[in-house]
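J.:
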Amino acid sequence: MSGAVSAPWAALPTVGVPTAVVDLDTFDNNAAALLRRAGGTPIRVASKSVRVRSLVERVLAMPGYAGVLGYSVAEAIWLVRSGIDDVVVAYPSVDDEAVRTIAADEQLAAAITFMVDLPEHVDWLAARHAGHALRVAIDVDCSLRLGPVSLGAHRSSVNDAGGAGRLAERIAGRPGLLLVGMMFYEAQVAGVPDAKPGMRVVKRLSNDQLHRYRSKIRAAVEAHAALEFVNGGGTGSLHTTRLDPAITELAAGSGLFAPTSFDGFDDLGVEPAAWFVSPVTRKPSAEVVVTFAGGYSASGASGRSRLPKPVYPEGLSYFGQEGAGEVQSPLHGKAARTLGLGDPVWFRHAKAGEMCERFDEVVLLEGGRVRGKTPTYRGEGHNFG
Numbered sequence: 005m006s007g008a009v010s011a012p013w014a015a016l017p018t019v020g021v022p023t024a025v026v027d028l029d030t031f032d033n034n035a036a037a038l039l040r041r042a043g044g045t046p047i048r049v050a051s052k053s054v055r056v057r058s059l060v061e062r063v064l065a066m067p068g069y070a071g072v073l074g075y076s077v078a079e080a081i082w083l084v085r086s087g088i089d090d091v092v093v094a095y096p097s098v099d100d101e102a103v104r105t106i107a108a109d110e111q112l113a114a115a116i117t118f119m120v121d122l123p124e125h126v127d128w129l130a131a132r133h134a135g136h137a138l139r140v141a142i143d144v145d146c147s148l149r150l151g152p153v154s155l156g157a158h159r160s161s162v163n164d165a166g167g168a169g170r171l172a173e174r175i176a177g178r179p180g181l182l183l184v185g186m187m188f189y190e191a192q193v194a195g196v197p198d199a200k201p202g203m204r205v206v207k208r209l210s211n212d213q214l215h216r217y218r219s220k221i222r223a224a225v226e227a228h229a230a231l232e233f234v235n236g237g238g239t240g241s242l243h244t245t246r247l248d249p250a251i252t253e254l255a256a257g258s259g260l261f262a263p264t265s266f267d268g269f270d271d272l273g274v275e276p277a278a279w280f281v282s283p284v285t286r287k288p289s290a291e292v293v294v295t296f297a298g299g300y301s302a303s304g305a306s307g308r309s310r311l312p313k314p315v316y317p318e319g320l321s322y323f324g325q326e327g328a329g330e331v332q333s334p335l336h337g338k339a340a341r342t343l344g345l346g347d348p349v350w351f352r353h354a355k356a357g358e359m360c361e362r363f364d365e366v367v368l369l370e371g372g373r374v375r376g377k378t379p380t381y382r383g384e385g386h387n388f389g
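According to this note's numbering, the sequence shown is numbered sequentially starting from 5.
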C-alpha cells in the first residue's frame, strides 16, 4: 500500500529490552483500507484490538469512524472521562461497582451502552438503576446453524426473532432501562481466515443465513423500541456485512495492527503495522540465538498459530520442544549467523491488542523514523482484564 514503510526495522536498530512498535504510516493506511471495505457504513473502533488510547483517538479523528466498541465497563468509564462520548460495551458485565458508578452519573449514563442477552442481565441492570436511564443493547448469536451443528462463537442465548422480541419486551418493561441498539457479530466470518480449509463455504453459507434473518430479528426488537444502532461485522467481514440493510454500523479493530491471525484473509488490503522487538541475549551456536522473553501467546485454542512470529531477520524459527519462552526464546536458522548480542529480532503477535498488555508504551514510527512514544492502557495504569 502506498505510504507504508517497507522496512520498519531500519528505524530501530537496537533495543535493550523487549519493545512494542507501531508504524503510524501503515496504521493510517490500514484505517483507510478498512473504510474502503466498509463502503460508507460507519465503523465503530474495537478498543480491545488496540489498547492504546492515543491510537483509538487517532482513528476516531478520521471521517468514517464513530464511537468505540469497548470490552470492559470500567474501560468505558475511563474512555468517557477521557473525552470519548460514545462507548458500547460489547460484552455483558457483572461489575457491580462500575455499573453503579455509571448509574449515578448523568454524563456516563448518556455515553455508555451495556450489552445483554439473558433476562438475568436485564434484571441485574435494572436493580442498579439510580436516577439516570441505563442504555442497553441486545447481543444476537450469529453462529451458522446446520441442523444440530453450530459453527461460530458460543456467546449469546438470543438466536431468533422470537427470543430477541421477548428480551426486548422485558427491557422495555423495566423502569430505568433504555433499549437503544443491537449487535450481530459473525465470528466465523469476521475472525477466521479464508485460507483455512472449508472456510469459504462456511462464510458463504453464514452470510446467506444472516441476510435472511437479521432483518426479522431487528423488526422483532423494534416492535418494542426505536433503535439508535444495529452493529455488525468485524475486520474480516466489513465488505459483506455492509451489504445487509439491517446493519447501520460496523465494528473493526484488528485490521489496524494486522496481526498474523489475519494473514490468511482474501483481499483484506492491510499490512503489518505492529510488532514487538526483543534483543539477542545468548548465542549458543552459529545458527542459534536466544532472545529475552517473547512468550506472548495469544488467547484462543492453544497451538503454534497462537505464538508470535519472528519476521526479521527472515528465516528464524522456534525449536519445537521449546517454542516462545517466558524469559528466553531460542530461535534457529541461517539468519542467526548475522546476529550478535544485543541485536534486535522483530516479532508479530498473533492477535492485535493483546500485545499491548505486555508493554507500558509503544514506540511510534513515522516516515521511517522514530517519532516518539505513547502509553498503552497498561502504561496509563489500567488493566481491564
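Yeah, the Cβ is synthetic: ideal placement off N, Cα and C, and Gly gets one too.
Restricting to Cα atoms, I'd like to know which of A80, N211, T45, G357 is closest to E253.
T.: Working through the sequence shown from its first residue, we reach residue 253 at position 249. Shortest Cα-Cα distance from E253 to any of A80, N211, T45, G357 involves T45.
J.: Which residues in the same chain have their Cβ closer than 7 Å to the Cβ of A395, if we skip the five residues on either side of it in sequence?
T.: This structure cannot settle anything about residue 395, because the visible part of the chain is limited to 5 through 389.
J.: Throw me the rounded Cβ distance for the P116 and V225 pair, which I believe falls under 8 Å.
T.: Taking the sequence shown and counting its residues from 1, one reaches residue 116 at position 112. Taking the sequence shown and counting its residues from 1, one reaches residue 225 at position 221. Checking the sequence shown, residue 116 turns out to be Ile, not Pro. Incorrect: roughly 20 Å between the Cβ atoms, too far for contact.
J.: Just to confirm before moving on: does the CB-CB distance between P12 and L369 stay below 8 Å?
T.: As a first step, residue 12 must be located in the sequence shown, where it is residue number 8. As a first step, residue 369 must be located in the sequence shown, where it is residue number 365. Cβ atoms of P12 and L369: closer than 8 Å.
J.: Check whether the stretch 235-242 and the stretch 171-178 are in contact - that is, three or more C-beta pairs closer than 8 Å.
T.: no
J.: According to DSSP, V92 sits in a beta bridge with which residue or residues?
T.: Counted from its first residue, the sequence shown places residue 92 at position 88. For V92, which the question treats as bridged, DSSP gives the partners L73, T117.
J.: So, for T264: in the same chain, excluding its five sequence neighbours on each side, which residues have a beta-carbon less than 6 Å away from its beta-carbon?
T.: The residue you call residue 264 lines up with position 260 of the sequence shown. Counting only Cβ-Cβ distances below 6 Å, and skipping sequence neighbours, we find K313, R352, A354.
J.: Relative to the alpha-carbon of A131, which residue among D27, G385, V206, V98 has its alpha-carbon at the smallest distance?
T.: By 1-based counting over the sequence shown, the position of residue 131 is 127. If we check each option's Cα against that of A131, V98 comes out closest.
J.: What residues in its chain sit with their C-beta under 7 Å from that of R334, if we drop five residues either side in the sequence?
T.: Translated into the one-based positions of the sequence shown, residue 334 becomes position 330. As written in the sequence, residue 334 is Pro, which differs from the Arg given in the question. Only V292, V294, F323, E326 meet the Cβ criterion.
J.: Could you please give the first and the last residue of the uninterrupted alpha helix (DSSP H) stretch that includes L182?
T.: Taking the first residue of the sequence shown as position 1, residue 182 is located at position 178. Here L182 belongs to no alpha helix (DSSP H); instead the beta strand (DSSP E) covers 181-188.
J.: To the nearest angstrom, how far is it from the Cα of P317 to the Cα of L181?
T.: Against the sequence shown, residue 317 aligns to sequence position 313. Against the sequence shown, residue 181 aligns to sequence position 177. So the alpha carbons of these two residues sit roughly 55 Å apart.
J.: For S219, which residues of its own chain have a beta-carbon under 6 Å away from its beta-carbon, when the five flanking residues on both sides are left out?
T.: For the purposes of this step, residue 219 is identified with residue 215 of the sequence shown, where counting begins at 1. So the list reads A250, once near-sequence residues are dropped.
J.: Quick one: Cα of R85 to Cα of I221, how far?
T.: Reading the sequence shown from its first residue, position 81 is the one you call residue 85. Reading the sequence shown from its first residue, position 217 is the one you call residue 221. Distance between the alpha carbons of R85 and I221: 34 Å.
J.: Based on Cα-Cα distance, which residue from R55, G185, Q213, M119 lies nearest to S154?
T.: Reading the sequence shown from its first residue, position 150 is the one you call residue 154. Q213 is the residue among R55, G185, Q213, M119 whose C-alpha sits nearest the C-alpha of S154.
J.: Among V56, L247, C146, whose alpha-carbon lies nearest the alpha-carbon of G43?
T.: Residue numbering aside, residue 43 sits at position 39 when the sequence shown is read from its first letter. Checked all of V56, L247, C146; the closest Cα to G43 is L247.
J.: When the distance is taken between beta carbons, is G257 closer than 8 Å to A356?
T.: As a first step, residue 356 is located in the sequence shown; it is residue number 352 there, counting from the start. As a first step, residue 257 is located in the sequence shown; it is residue number 253 there, counting from the start. Here A356 is near G257, since their CB atoms are less than 8 Å apart.
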